[in-house]
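One structure is given below, encoded as structure tokens.
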Amino acid sequence: GIISMSIIYYCKSKNIFSPTSMIFAMASIAILGCVVWSHHMFMVGMDIDSRSYFSAATMIIAVPTGIKIFSWLISLFGSKKNLSSPIYLYMTGFIFLFTIGGVTGIILSSNLIDILMHDSYFVV
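Take 1 as the starting number for the sequence shown in UniProt numbering and just add one per residue.
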């Protein structure tokens with residue numbers, strides 16, 4: 001995506017750290033994202049087995065997400081940093097918010113917390 005391309009441009013490298021794992025991570029996020037997204041349509045009336053399935057799928061999607069974050073950070077770590085560059089600030093801000101979103105996703109993978117906070121302002 002745009003962050004990977006921005007990191008390649010900013011670091012002046014030919015590719016991002018571990019491009020093969022990034023490809024597999026993006027593909028698995030796309031597939032698992034469809035499965036995880038579907039629970040937003042009918043979470044309230046599900047039985048406990050179905051909710052457990054979606055909880056497990058939500059936790060599994062964290063693995064490729066962590067691979068992407070790790071690859072982005074390692075790619076940035078190996079470059080010269082201009083901390084006042086707008087593109088650097090954009091990339092680090094995006095990675096920070098992406099990480100916070102992943103952490104809240106793991107927290108909300110609990111069935112009880114997901115039902116309590118499903119349509120609240122705490123879920124972004």
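Each residue gets a CB set at the ideal place from its N, CA and C atoms; glycine is no exception.
Source: prediction; values computed, not measured.
The residue from S79, M26, G66 with its alpha-carbon nearest to that of G101 is G66. In the three-state reduction of the DSSP assignment, I61 falls in the coil class. By the C-beta criterion, the segment 82 to 99 is judged not to be in contact with the segment 21 to 41, since fewer than 3 inter-stretch pairs fall below 8 Å.
In this model, D47 and S38 are separated by some 15 Å (Cα to Cα). Setting aside the 5 residues that flank it on each side, I31 has no residue in the same chain whose C-beta is closer than 6 Å to its C-beta. Boundaries of the alpha helix (DSSP H) around G33: 19 to 37.
The C-beta distance from I74 to F98 rounds to 15 Å, too long to fall under 8 Å, and the pair is not in contact.
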